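Residue numbers (UniProt numbering): 1 to 670.
Structure below.
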């Protein structure tokens, strides 16, 4: 329904918006000309952008009105003091509407804001909330809406979006005639095993769609299907995420070498950041830029009259600029930087030369360089518009004064560095079983690994399995769920579960809030299973403390072999050596990796490192065992131990390998 049918004058007109901005501009006292750009940005965000929000969230605004609003905003940004006449826009409107991290200023197009706000109403209907809907917004919702699999009863395979890993979220059939048959997702699920019917999925869908479907986890507890907003990490719809989806393909920026996030986080006044942005996107009215847009008689630098006034010449190569740089910026020689593009200049400011950072903090060096460039620009403007002269001493004094003031305002005291504790794996309390889990990802598969130890550190069991390729976060979370299922099957009542995936552990510890949509189903099942134990605790640990599970998962995915349990020989070794140290289990290691993994543990006087490998042929078994403590005096004992193990295993023909030439020579000579 259009607003005039309600008898209300609700549309924001150019006159209304202009009056509101003008009134706010008069009430704000921006006494210094150097804060002009920042004040314009403030007025845009808080007045021009916020004024029409109510109307835009209720009506489909005509394109003509939206274009008028954009035109008014463009004029206000580039020529705020004139309401009529032509003005010079240094950057395209599409470029200004790019996010700040992409080199724009984050301006919003009126039509896109209108569509995003209306999409919120359509989302309420799509997610079965009682509200009015607008047909216009359905196309926006279709871009990011996708179902989270519950019981699959409400999802039509060929109509509804339900596969988040493919474009459009609707799978493609293997044969076109398949999509003519009505089918629910529930028909593809084996509810007894909580898995997909793999053969059926591969027969119906093309390989890409089938692989994407098989990577979707099936929940243990059946629950209704739920509609998610995929562009948001938590699956929640918001106007902000809908607007970003409308800008999914922003115009390309030529200055991608600039780290925009670092620019906007620079410690310093906002006017400095805006000034640096204008240099980076080449939107500064240097005479070279003016010459490309209009006829000017004198394109030469006003400070030296030697070259055309480009950004690189004015700020770096001009004799006056070089003198200011050398005196104000700790002897920096600007002409030796060899910078040609404006974006290169900003890159040097954000990442100053190491020689300068040795004398001052990096942020202070960046700020000083930015203030120096601002002073050069002010001198240039004073010469052109006020018939001023170049006074090097006065300029250097102003730069130093501004730097001292900014250093006091933006200084952040650093907290003293806390002493880092020694990090290592620790056994669980008496009566508990500790399960360490990890996942590894290859090009086509994922591997999960679980290692269980008791209070004495003895390895009880170890498991691994191969799955279709998952995202790293999904694989890590699925490993935690699998560990709980294994613990349940082993009838362990008190367990501690450790993982090196912080995102997974955080989501589990705060399962009452909305976790990431990609693991929400897994987290729900984990929280449900955890309640079935007498005691179940989850902890995040660093990778070095989880090296055992990490190595098992890495080797399983590398060699594509699942291990239901560790070999008996390795368990025996671990059982004998656990009283001395932290032990890692290594399965199917490459020879060149053995020593590297062995030495990854911290050295101490009571640590024994074990390195085991075996190569079996038709007639010989090659057994390699390396054990060394901090003093290296266990080398010879390793040979005896290897022979004892080989004898206990009934091996007849053996070769023992050792990397200590002294021990090998002594035994061969004996």
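We put the beta carbon where it would ideally sit given N, CA and C, even for glycine. On a predicted model such as this, the values are computed, not experimentally measured, just so you know.
Using only the alpha-carbon positions, how far apart do residue 289 and residue 370 sit?
21 Å
Are the region 104-112 and the region 68-76 in contact at 8 Å, needing three or more beta carbon pairs?
yes
Does any C-beta atom of chain B lie closer than 8 Å to the C-beta of residue 89?
Here there is only one protein chain, and chain B is not present.
Based on the DSSP output, what are the partners of residue 462 in its beta bridges?
451
Run of the beta strand (DSSP E) containing residue 539, from where it starts to where it stops
535-540
Please say whether residue 179 and residue 114 have beta carbons closer to each other than 8 Å?
no
Which residue from 533, 438 and 481 puts its Cα closest to that of residue 523?
481
For residue 148, which of 70, 259, 373 and 230 has the nearest alpha-carbon?
230
Per-residue DSSP class, three states only, for residue 78
helix
Residue 673: first and last residue of the uninterrupted beta strand (DSSP E) it sits in
With the chain represented from 1 up to 670, any question about residue 673 goes unanswered, as that position is not in the structure.
Classify residue 169 as buried or exposed, calling it buried when 16 or more other Cβ atoms lie within 10 Å of its own Cβ.
buried
Near residue 440, which residues of its chain fall below 6 Å by C-beta distance, leaving aside the five closest residues on each side in sequence?
447, 553, 554 and 557
Quick one: Cα of residue 164 to Cα of residue 61, how far?
32 Å
What are the partner residues of residue 93, as DSSP defines its beta bridges?
For residue 93, which the question treats as bridged, DSSP gives no partner whatsoever.
Assign residue 500 to buried or exposed, taking buried as 16 or more other Cβ atoms, counted over all protein chains shown, within 10 Å of its Cβ.
buried
Does the beta-carbon distance from residue 425 to residue 372 come in below 8 Å?
no
Just list the residues that DSSP pairs residue 727 with in beta bridges.
In the structure as shown, the chain begins at 1 and stops at 670. Residue 727 is therefore absent and cannot be evaluated.
With DSSP collapsed to three states, give me the class of residue 305.
coil
Can you give me the C-alpha to C-alpha distance between residue 146 and residue 156, rounded to a whole angstrom?
12 Å
Proximity winner among 398, 545 and 328, relative to residue 366 (alpha-carbon distances):
328
Looking at the unbroken beta strand (DSSP E) that takes in residue 246, where does it start and where does it end?
No beta strand (DSSP E) holds residue 246; the alpha helix (DSSP H) holding it covers 239-246.
Please go through the same chain and pick out, in chain order, the residues whose beta-carbon is closer than 7 Å to the beta-carbon of residue 132, but skip the five residues on each side of it.
Because residue 132 sits at a pLDDT of 48, beneath the cut-off of 50, its placement in the model cannot be relied upon, and the following sentence gives the value as read from the coordinates. So the list reads 121, once near-sequence residues are dropped.
For residue 343, which three-state DSSP category applies?
helix
Three-state class that DSSP yields for residue 482 in the structure shown
helix
According to the neighbour-count rule (16 or more other Cβ atoms, all chains shown, within 10 Å of its Cβ), is residue 181 buried or exposed?
exposed
Separation of residue 85 from residue 316, as counted between CA atoms
36 Å
Locate the beta strand (DSSP E) running through residue 146, then write down its first and last residues.
145-148
Mind reading off the beta-carbon distance from residue 469 to residue 444? Whole number of angstroms is fine, and I expect it under 8 Å.
6 Å
When the Cα of residue 293 is compared with those of 88, 527 and 549, which residue comes out closest?
88
Starting from the C-beta of residue 395, find all residues in its chain whose C-beta is less than 7 Å away, skip the five residues before and the five after it, and write them out in chain order.
324, 375 and 379
Sequence-distant residues of its chain with Cβ nearer than 6 Å to residue 477 (five each side left out):
504, 519 and 522
What residue ranges within the region 380-428 form continuous alpha helix (DSSP H) runs of no fewer than 4 residues, ordered along the chain?
392-410
Cut-off 7 Å between Cβ atoms - residues of its own chain near residue 259, not counting five sequence neighbours on either side
350
What separation, rounded to the nearest whole angstrom, lies between the Cα atoms of residue 176 and residue 202?
14 Å
Cβ-based neighbour list, residue 340, same chain, cut-off 8 Å, excluding 5 preceding and 5 following:
312
Rounded to whole angstroms, what's the CA-CA distance from residue 143 to residue 244? Just pull it up for me.
11 Å
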